[in-house]
Amino acid sequence: MFPITARAPGRGEHDGGVGLDGVEEETVRIKDVEVGATYIASIPQRLPAHLRNRPPASAAQWQADVQLHLARGRRITVTVTGFGDESGEVVVRQEVPAGRVVLRLTAEQAAGLGLAEGQEYEITGTICDADGNGITFASAVVHTIPARWLNAPDERLVLHPDSVLFHRAMVCREADRMTPPEIDQAAEKALEQVRHVQGLALEDPSFDWSVLTAEVDHREWLRIAGLVREAGLNAYDPRTDPDAVEHPPLVRFDKP
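In this note's numbering, the protein residues as written are 20 to 275.
What follows is the structure in structure tokens.
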């Protein structure tokens with residue numbers, strides 16, 4: 020088999036200024052932050068200690084901390100609502116659709132269900148439509164984060180060169196000994212993946228990087244398909260392909 024001896028470049032740990040893909044990003048400076056404006060926040064994989072270890076002061080803060088933990092290593096859409104107590108911090112609102120509801124019963128409803136009098140009752144659960152699909156409701160949590168985590172919504176993302184090489188190397192390995200029809204089929208499948216993640220990215224900015232990597236995969240499949248077609252090959256051999264990427268870069272972690 021075509022030798023591949025390394026793993027994918029990891030996202031690593033960054034604390035703003037360096038993108039989730041290891042590329043320097045044009046982050047928003049505190050003096051340029053506009054209250055009421057929407058930004059894309061790049062949440063580091065490792066949260067700062069004061070966010071990671073603090074005990075929640077309220078149920079709302081606990082819920083917000085859970086959502087921030089779930090967002091580690093991702094990009095989320097937030098709206099700035101103000102500035103934090105510490106220099107360089109902003110208060111942001113993150114929309115988090117809720118699927119669980121609580122319904123407090125009236126005394127008449129409780130009596131109709133045969134429940135004992137003299138106390139209040141609540142029903143908790145999910146609401147579904149006639150087809151059994153769960154219905155979500157608008158909800159939000161509030162975070163206080165460094166302004167340097169913010170990026171403009173229209174920022175231009177660029178993959179790190181190591182990531183490009185890694186994905187190209189993976190395609191070259193997978194294409195090894197494939198026939199032209201098989202390569203064409205793989206290229207079509209890669210295009211479907213591009214369109215799929217493009218659709219997901221319209222609603223969730225955490226898929227933006229997936230769009231870029233999917234496009235790299237698709238372009239490499241098209242390159243290999245063109246090579247075997249022009250050379251009249253019965254199967255692809257990366258060992259004879261001068262533009263094949265044999266060894267992907269080693270894993271690199273950003274310094275904390």
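Glycine residues also receive a C-beta, built at the ideal position from the N, C-alpha and C atoms. No experiment lies behind these values; they were computed from the predicted model shown.
Open item on the list: Pop quiz: residue 97 and residue 166 are said to be a contact at Cβ under 8 Å. What is the actual Cβ separation, rounded to whole angstroms?
Closed with: Approximately 11 Å separates the beta-carbon atoms of residue 97 and residue 166; this is outside 8 Å, ruling out the contact.
Task: Collapsed DSSP secondary structure at residue 121 in the structure displayed - done: Correct three-state label for residue 121: strand.
- [ ] Work out the CA separation of residue 87 and residue 123 for me, nearest whole Å.
- [x] The C-alpha of residue 87 is placed about 29 Å away from the C-alpha of residue 123.
TODO: Let me know the secondary structure DSSP gives residue 230 once reduced to three states.
DONE: The answer is helix: DSSP assigns residue 230 an H, G or I state.
TODO: Since I believe residue 60 is in contact with residue 164 (beta carbons under 8 Å), could you give me their beta-carbon distance rounded to a whole number of angstroms?
DONE: The pair is a contact, with the Cβ atoms about 7 Å apart (cut-off 8 Å).
- [ ] Within 10 angstroms of the Cβ of residue 276, are there 16 or more other Cβ atoms? Answer buried if so, exposed if not.
- [x] Look at the range of the chain in this structure, 20 to 275, and you will see that residue 276 is not part of it.
TODO: Please list, in chain order, all residues of the same chain as residue 237 whose beta carbon is under 8 Å from its beta carbon, the five residues on each side excluded.
DONE: Non-local C-beta neighbours of residue 237 in its own chain, meaning closer than 8 Å and more than five positions away in sequence, comprise 206, 209, 210, 212 and 213, ordered along the chain.
- [ ] Please work out which residues of its chain come closer than 6 Å, Cβ to Cβ, to residue 187, disregarding the five sequence neighbours upstream and downstream, and give them in chain order.
- [x] Result list for residue 187: 239 and 264, in chain order.
Task: Length-filtered (4 minimum) alpha helix (DSSP H) runs lying within the stretch 126-157 - done: Taken in chain order, the whole alpha helix (DSSP H) runs of length 4 or more contained in the stretch 126-157 are 126-131.
- [ ] Measure the alpha-carbon distance for residue 41 versus residue 246 and round it to whole angstroms.
- [x] A caution first: residue 41 carries a pLDDT of 46, below 50, which makes its placement in the model unreliable, though a value can still be read off. The straight-line gap from Cα to Cα measures roughly 31 Å.
Task: Bridge-paired residues (DSSP) for residue 169 - done: In DSSP, residue 169 forms a bridge with 60.
Task: Identity of the residue in 71, 172 and 266 nearest residue 181 by Cα - done: Nearest neighbour of residue 181 by Cα position, chosen from 71, 172 and 266, turns out to be 266.
TODO: Using the DSSP secondary-structure output, state which residues sit across from residue 46 in a beta bridge.
DONE: Beta-bridge pairing links residue 46 to 170.
Task: Contacts around residue 241, its chain only, beta-carbon distance under 6 Å, and the 5 residues preceding and following it disregarded - done: Excluding positions up to five away in sequence, the list reads 206.
Task: Straight-line gap, residue 139 to residue 120 (C-alpha atoms, nearest Å) - done: Cα to Cα, residue 139 sits roughly 17 Å from residue 120.
Task: Cα-Cα separation, residue 230 to residue 184 - done: The straight-line gap separating the alpha-carbon atoms of residue 230 and residue 184 is approximately 16 Å.
- [ ] May I have the straight-line CA-CA distance separating residue 114 from residue 84, to the nearest angstrom?
- [x] Looking at the two C-alpha atoms, the distance is approximately 14 Å.
TODO: Can you give me the Cβ contacts of residue 53 inside the same chain, cut-off strictly under 8 Å, excluding the 5 residues immediately before and after it?
DONE: Excluding positions up to five away in sequence, the list reads 99.
TODO: Give me the Cα-Cα distance between residue 129 and residue 142, rounded to the nearest whole angstrom.
DONE: When rounded, the distance between both Cα atoms is 11 Å.
- [ ] Check the C-beta distance from residue 202 over to residue 149 and give it rounded, since I have them as a contact under 8 Å.
- [x] 46 Å between Cβ atoms; not a contact.
Open item on the list: According to DSSP, simplified to helix, strand and coil, what is residue 40?
Closed with: Its pLDDT being 48, under 50, residue 40 is placed unreliably in this model, and the value from its coordinates should be taken loosely. Coil at residue 40, not helix or strand.
Task: Where residue 251 falls: helix, strand or coil (DSSP) - done: Reduced to three states, the DSSP call for residue 251 is coil.
Open item on the list: Tell me the DSSP secondary structure of residue 207 in three-state form.
Closed with: In the structure shown, residue 207 falls within a helical segment according to DSSP collapsed to helix, strand and coil.
Task: Boundaries (first-last residue) of the beta strand (DSSP E) holding residue 109 - done: Taken as a continuous stretch (DSSP letters only), the beta strand (DSSP E) holding residue 109 covers 108-114.
- [ ] Express the C-alpha separation of residue 51 and residue 58 in angstroms, rounding to a whole number.
- [x] Looking at the two C-alpha atoms, the distance is approximately 12 Å.
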